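Read through the structure below, which is laid out as structure tokens, and then see the notes.
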Amino acid sequence: MLTISERLIIKRYLKPKRKEGLLKIISLFSFIGIGLGVATLIVVMAVMNGFRDELISKLLSFQPHITIEKIKNDQKTFNSVQDILLKRKFDILSISLVQNGKGLILTDKISKGIVFKGFDREYGNFNQVFNKNNILQINDKLNFNDDEVGIGTDLANILNLKLGDEIVILSSKSNTTPIGTIPSSYKFKVSFIFDTGLYEFDSNYIIGNTYQSNNFTNSNFKEIELRLKNINNTKKATNLLKNLFTKKNIYHWSDVNKTFYDALNVERNVMFIILTLIIIVAAFNIISGLTILVKNKSKEIAILKTLGFTDFSICKIFLIIGSSIGICGTVFGSFLGVLISHNVENLRLFLSNVFNLEIFPAEIYFLSKMPANIELDMIILISLFSILISILASLFPAIKASKLDPIINLKYE
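In this text, residue positions in the sequence shown follow numbering that gives the first Met the number 0: the first is 0, and each later residue adds one.
Below, the structure written as structure tokens:
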């Protein structure tokens, strides 16, 4: 607890006199430096969290949460997986039986390799995989007729295709003719165009049914693709299925995208470490300010000691003075960081219009606007780190003040 006299001294030292202008400037810079450091860290972390979440969301708009390969007995395995997950209280968003094949799409001027993804019409609901946001253009409704397929928006742009156009796809399967072996070819009509938001999918995939996809693969095996309502249960559900279906190849989305996911986390952690240096540099201003304050107030400290103030009381006074600057700067920075994070897209548009700069271009980052996701635990972590640095920065000058010898400082008074 603080005594009344300690409170009065702290209040007085926090408001330097006019003749102590340098001390006032250093204290102000310490406050602003810590505030801006905290705000910058919160904004950058919020944008990186938002960027990561948006990319993962787009990734999982097409890619399943869990994939089970080497499915031969379709009905038995499909029903078993569904029943097991429902019994263990896993909420299933969608479950589909699919088959992937490869082919070569031909047009008058361009040829391009593609992945043909076929959905089984009997098992699963395709409409739960491709929601209204994914389908940009559609002729009627998704019936999955044997002569119709869907293509990605980027593939449509590359091949200059539109709804109703016919495409020819060559298969790796071949036919023997009198003139030799030639690859099989199949003709389809474009019935819908989808957009997942990721170029990798939208430029390489053609969607149809398993009857069609069987023409583009030499394997009779299929895959079960699962999506859960709660993505956080993915690993738990994957481990459960691995234990029950030991002969199947089972993996979840983060296994497939491990390099990508790890790179995002490493980048986020590196940015956090680099930006904390701003707070640490600002904390050195606290050391400078308190050191000057101790030097200027050495005689007053000596008088306080002769009046009965203990070393602990002196240390406590200067520790609270330095910590107060850090805490106030942290609170200011937290509010500023949250405010900017909530309006980061408006700020981006403003800067783009004023300076005529392309900030966060959609063709590079795959996102139409700058995302920001503010996490409460991240704000708490940044604030606690800032306060801790401020306390540590205040500790050395405070200990130095408590060790001043009153006899030496009052010797010539």
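For each residue, glycine too, the CB sits at the ideal point set by N, CA and C. Quick caveat: nothing in here was measured; it's all calculated off a predicted structure.
Worksheet item: Using 8 Å as the threshold, is the stretch 384-399 in touch with the stretch 284-302, meaning 3 or more CB pairs across them?
Response: A contact exists between the stretch 384-399 and the stretch 284-302.
With three or more beta-carbon pairs closer than 8 Å as the criterion, would you say the stretch 163-171 touches the stretch 183-195? Judged by Cβ distances under 8 Å, the stretch 163-171 makes contact with the stretch 183-195, as three or more pairs qualify.
| message | Assuming contact is defined by CB atoms lying nearer than 9 Å, are Leu96 and Phe115 in contact in what I supplied? | response | Residue numbering aside, residue 96 sits at position 97 when the sequence shown is read from its first letter. Residue numbering aside, residue 115 sits at position 116 when the sequence shown is read from its first letter. No, the Cβ-Cβ distance between Leu96 and Phe115 is not below 9 Å.
Review point. Per DSSP, which one or two residues make a beta bridge with Gly36?
Key: In the sequence shown, the residue the question calls residue 36 occupies position 37. The bridge partners DSSP lists for Gly36 come to none.
Rounded to the nearest angstrom, what separates Thr329 and Ile390 at their Cα positions? Counting from 1 along the sequence shown, the entry for residue 329 is found at position 330. Counting from 1 along the sequence shown, the entry for residue 390 is found at position 391. So the alpha carbons of these two residues sit roughly 12 Å apart.
Legend entry - Three-state secondary structure (DSSP) of Lys234: In the sequence shown, counting from the first residue as 1, residue 234 sits at position 235. In this structure, DSSP gives Lys234 a helical state, which the three-state scheme calls helix.
Item to complete: Report buried or exposed for Pro63, applying the criterion of at least 16 other Cβ atoms within 10 angstroms of its Cβ.
Response: Position 64 of the sequence shown, counted from the start, is the residue given in the question as residue 63. Here Pro63 is buried. Its C-beta has 16 or more other C-beta atoms within 10 Å.
Anyone know if the C-beta pair for Asn92 and Leu227 falls short of 9 Å? Locating residue 92 in the sequence shown gives position 93, counting from the first residue. Locating residue 227 in the sequence shown gives position 228, counting from the first residue. The sequence shown places Leu at residue 92, not Asn. Annotated as proximal: Leu92 and Leu227, with beta-carbon spacing under 9 Å.
Please work out which residues of its chain come closer than 8 Å, Cβ to Cβ, to Ile113, disregarding the five sequence neighbours upstream and downstream, and give them in chain order.
Locating residue 113 in the sequence shown gives position 114, where the first residue counts as 1. Contacts found: Lys101, Gly102, Leu103, Ile104, Leu154, Ile168, Asn203, Tyr204 and Ile205.
So, using beta-carbon positions, are Asn256 and Phe89 closer together than 9 Å? The residue labelled residue 256 in the question sits at position 257 within the sequence shown. The residue labelled residue 89 in the question sits at position 90 within the sequence shown. No, Cβ-Cβ distance for Asn256 and Phe89 is not below 9 Å.
*Identity of the residues DSSP links to Val413 by a beta bridge*: In this structure the chain extends from 0 to 412, so residue 413 is not present and cannot be described.
Asn476 - containing beta strand (DSSP E), residue span
Outside the modelled stretch of the chain, which goes from 0 to 412, sits residue 476, for which no answer is possible.
- Query: If we call anything under 9 Å between Cβ atoms a contact, is Phe30 one with Ile324?
  - Reply: Taking the first residue of the sequence shown as 1, we reach residue 30 at position 31. Taking the first residue of the sequence shown as 1, we reach residue 324 at position 325. Result yes, Cβ atoms of Phe30 and Ile324 sit closer than 9 Å.
*Say whether the stretch 275-282 touches the stretch 32-46, bearing in mind that this needs 3 or more beta-carbon pairs closer than 8 Å, one atom from each stretch.*
The stretch 275-282 is in contact with the stretch 32-46.
**Prompt:** Is it true that the CB of Ile65 sits closer than 9 Å to the CB of His251?
**Reply:** Against the sequence shown, residue 251 aligns to sequence position 252. Against the sequence shown, residue 65 aligns to sequence position 66. It is a contact, given that the beta carbons lie within the stated cut-off.
Item to complete: Mark Glu224 as exposed unless 16 or more other C-beta atoms lie within 10 angstroms of its C-beta, in which case mark it buried.
Response: To locate residue 224, count along the sequence shown from 1; it is residue 225. Glu224 comes out buried.
- request: May I ask which residues mark the beginning and end of the beta strand (DSSP E) holding Glu222?
  value: The residue given as residue 222 occupies position 223 in the sequence shown. Membership of Glu222 in the beta strand (DSSP E) is indicated by the continuous run Lys221 to Leu227.
To which residues does DSSP link Gly112 through a beta bridge? Residue mapping note: residue 112 aligns to position 113 of the sequence shown, counting from 1. Looking at the DSSP assignment, Gly112 forms a beta bridge with Leu103.
Query raised in the report: How would you call Gln74, buried or exposed, if buried means at least 16 neighbouring beta carbons within 10 angstroms?
Result: Position 75 of the sequence shown, counting from 1, holds the residue named residue 74. Gln74 should be labelled exposed.
query: To which residues of the same chain is Leu243 closer than 7 Å at the C-beta, ignoring the five residues directly before and after it?
result: Here residue 243 corresponds to residue number 244 of the sequence shown, with the count starting at 1. Around Leu243: Ile83.
Worksheet item: Exposed or buried, what is Asn352 when buried is set at 16 or more other beta-carbons lying within 10 Å of its beta-carbon?
Response: Within the sequence shown, the letter at position 353 stands for residue 352. A residue is called buried when at least 16 other Cβ atoms come within 10 angstroms of its Cβ; Asn352 does not meet this threshold and is exposed.
Item to complete: Have a look at Ala392 and Ser297 and give me their C-alpha separation to the nearest angstrom.
Response: Within the sequence shown, numbered from 1, the residue matching residue 392 stands at position 393. Within the sequence shown, numbered from 1, the residue matching residue 297 stands at position 298. When only Cα atoms are considered, Ala392 and Ser297 end up about 19 Å apart.
message = Quick check for students: name the residue ranges of the beta strand (DSSP E) that lie wholly in the stretch 242-276, counting only runs of 3 or more.
response = Whole beta strand (DSSP E) segments, 3+ residues: 249-251.
Looking at the strands, I want to know which residues DSSP matches up with Gly117.
For this step, residue 117 is matched to residue 118 along the sequence shown. Checking the DSSP bridge columns, you'll see Gly117 partnered with Gln98 and Gly207.
- prompt: So who's on the other strand from Leu169, going by DSSP bridges?
  reply: For this step, residue 169 is matched to residue 170 along the sequence shown. In DSSP, Leu169 forms a bridge with Leu103 and Ser184.
Determine the burial state of Gly307: buried for a count of at least 16 other Cβ atoms within 10 Å of its Cβ, exposed for fewer. One-based indexing of the sequence shown puts residue 307 at position 308. It is exposed - the Cβ of Gly307 has fewer than 16 other Cβ atoms within 10 Å.
Item checked: Residues near Tyr198 by beta carbon distance below 6 Å, same chain, minus five either side -> Locating residue 198 in the sequence shown gives position 199, where the first residue counts as 1. Only Asp153 meet the Cβ criterion.
Checklist entry - In whole angstroms, what separates the C-alpha of Glu299 from that of Ser312? => result Taking the first residue of the sequence shown as position 1, residue 299 is located at position 300. Taking the first residue of the sequence shown as position 1, residue 312 is located at position 313. Between the alpha carbons of Glu299 and Ser312 lies a gap of roughly 14 Å.
Compare the beta carbon distance of Ile8 and Ile279 with 9 Å and say whether it is the shorter of the two.
Taking the first residue of the sequence shown as position 1, residue 8 is located at position 9. Taking the first residue of the sequence shown as position 1, residue 279 is located at position 280. By the CB criterion at 9 Å, Ile8 and Ile279 fall outside the cutoff.
Q) Among Lys69, Arg11, Gly36 and Glu147, which has the Cα closest to the Cα of Lys247? A) Here residue 247 refers to the residue found at position 248 when the sequence shown is read from its first residue. The option with the nearest alpha carbon to Lys247 is Lys69.
**Asked** Taking buried to mean at least 16 other C-beta atoms within 10 Å of its own C-beta, is Lys71 buried or exposed?
**Response** Position 72 of the sequence shown holds residue 71. By the C-beta density criterion, Lys71 is exposed, having fewer than 16 other C-beta atoms within 10 angstroms.
Next item on the list: Give the straight-line distance between the Cα atoms of Ile373 and Leu54, rounded to the nearest whole angstrom.
Entry: Counted from its first residue, the sequence shown places residue 373 at position 374. Counted from its first residue, the sequence shown places residue 54 at position 55. Looking at the backbone, the Cα of Ile373 and that of Leu54 are separated by about 16 Å.
Quick one: what does DSSP say Thr76 is sitting in, helix, strand or coil? As a working note, residue 76 is residue 77 in the sequence shown. DSSP places Thr76 in helix when its eight states are reduced to three.
Review point. My guess is that Ile157 and Ile192 are in contact by the Cβ rule of under 8 Å, so how many angstroms apart are they, rounded?
Key: Along the sequence shown, one-based indexing puts residue 157 at 158. Along the sequence shown, one-based indexing puts residue 192 at 193. About 12 Å separates the two Cβ atoms, so there is no contact after all.
> Residues in its own chain within less than 8 Å of Phe200 by CB, not counting five upstream and five downstream?
Replying inline: Your numbering for residue 200 matches position 201 in the sequence shown. So the qualifying residues of the chain are Phe61, Gln62 and Gly151.
| said: Can you tell me whether Val265 is buried or exposed? The criterion is at least 16 other CB atoms within 10 Å of its CB, across all chains shown. | reply: Within the sequence shown, the letter at position 266 stands for residue 265. With fewer than 16 neighbouring CB atoms inside 10 Å of its own CB, Val265 falls in the exposed class.
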